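Peer 1: Using the numbering used here, the first residue of the sequence shown is number 5, and each one after it goes up by one. Heads up, the beta-carbon is just placed ideally off N, CA and C, and yes, glycines get one too. As the structure is a computational prediction, the values presented were derived from the model and not from experiment.
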Amino acid sequence: MFRLRLLRKIKKRSASILYCENKELARTLIHERLEFFNKHYNFSYHRVAIKDQKHCWGSCSSKRNLNFSYKLLFLPPTLRDYVILHELCHLRELNHSMRFWDTMAEVMPDYRERSVALRHLERTQGTTIANLKTIKIY
Numbered sequence: 005m006f007r008l009r010l011l012r013k014i015k016k017r018s019a020s021i022l023y024c025e026n027k028e029l030a031r032t033l034i035h036e037r038l039e040f041f042n043k044h045y046n047f048s049y050h051r052v053a054i055k056d057q058k059h060c061w062g063s064c065s066s067k068r069n070l071n072f073s074y075k076l077l078f079l080p081p082t083l084r085d086y087v088i089l090h091e092l093c094h095l096r097e098l099n100h101s102m103r104f105w106d107t108m109a110e111v112m113p114d115y116r117e118r119s120v121a122l123r124h125l126e127r128t129q130g131t132t133i134a135n136l137k138t139i140k141i142y
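As structure tokens, this is what we get:
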């Protein structure tokens, strides 16, 4: 029992170190991509937070706040851009209605292929983004 608790504690601490080591790099990279996309599409958001999310890549609140997992660093650039644009499109449509997907198609015509690729990556790497720390940073 003690050994199991110790192993959990070590695992939690190493995940925390990984987050701290990569948070600022993720923030810089995501802000660069947000600036790039805003030159073309002019999305308006309030703030951006980089978090250690376990089950989602990003989210958008009704207050126009964008949240992203630092583990976006570990994705190929095409999939990273898909996640960022997906959340930016939620600034115009806060749900997954037809209008939302029409907006996605306007800004990223191949969004379906990228979405499938992201789901495939999640399936082959494990259950969710929790396992992605083993993938090399792109």
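Can at least three beta-carbon pairs, one atom from the stretch 96 to 108 and one from the stretch 52 to 60, be found at a separation below 8 angstroms?
Peer 2: No, they do not touch.
Peer 1: Mark leucine 98 as exposed unless 16 or more other C-beta atoms lie within 10 angstroms of its C-beta, in which case mark it buried.
Peer 2: Taking all protein chains in view, the Cβ of leucine 98 is surrounded by fewer than 16 other Cβ atoms within 10 Å, so the residue is classified as exposed.
Peer 1: In whole angstroms, what separates the C-alpha of valine 87 from that of isoleucine 21?
Peer 2: C-alpha separation (whole angstroms): 24 angstroms.
Peer 1: Taking C-beta to C-beta, are histidine 50 and lysine 67 nearer than 9 angstroms?
Peer 2: yes
Peer 1: Using 10 angstroms around the beta-carbon of leucine 2, count the other beta-carbons present and answer buried if the total reaches 16, otherwise exposed.
Peer 2: Since the first and last residues shown for the chain are 5 and 142, residue 2 lies out of range.
Peer 1: Of the residues Thr82, Arg96, His124, which one's Cα is nearest the Cα of methionine 112?
Peer 2: Thr82
Peer 1: Roughly how many whole angstroms lie between the Cα atoms of leucine 89 and methionine 108?
Peer 2: 8 angstroms
Peer 1: What is the residue span of the alpha helix (DSSP H) that phenylalanine 78 lies within?
Peer 2: Premise fails: phenylalanine 78 is in no alpha helix (DSSP H) and is neither H nor E.
Peer 1: Going by beta-carbon coordinates alone, are leucine 70 and alanine 53 separated by less than 9 angstroms?
Peer 2: Cβ distance < 9 angstroms, so leucine 70 and alanine 53 count as in contact.
Peer 1: Asparagine 26 and tyrosine 74 look like a contact to me (Cβ under 8 angstroms); what is the Cβ gap, rounded to whole Å?
Peer 2: 5 angstroms
Peer 1: Please state whether the Cβ-Cβ distance between phenylalanine 47 and arginine 96 is less than 9 angstroms.
Peer 2: Yes; because the gap between Cβ atoms is below 9 angstroms, this pair is in contact.
Peer 1: For glutamate 36, which option in Lys55, Tyr23, Asp85, Glu126 has the closest C-alpha, if you only look at C-alpha atoms?
Peer 2: Proximity to glutamate 36 across Lys55, Tyr23, Asp85, Glu126 peaks at Asp85, based on C-alpha coordinates.
Peer 1: Out of curiosity, what's the CA-to-CA distance linking tyrosine 45 and leucine 122?
Peer 2: Distance between the alpha carbons of tyrosine 45 and leucine 122 is about 23 angstroms.
Peer 1: With 16 other CB atoms within 10 Å as the buried threshold, where does cysteine 64 fall?
Peer 2: buried
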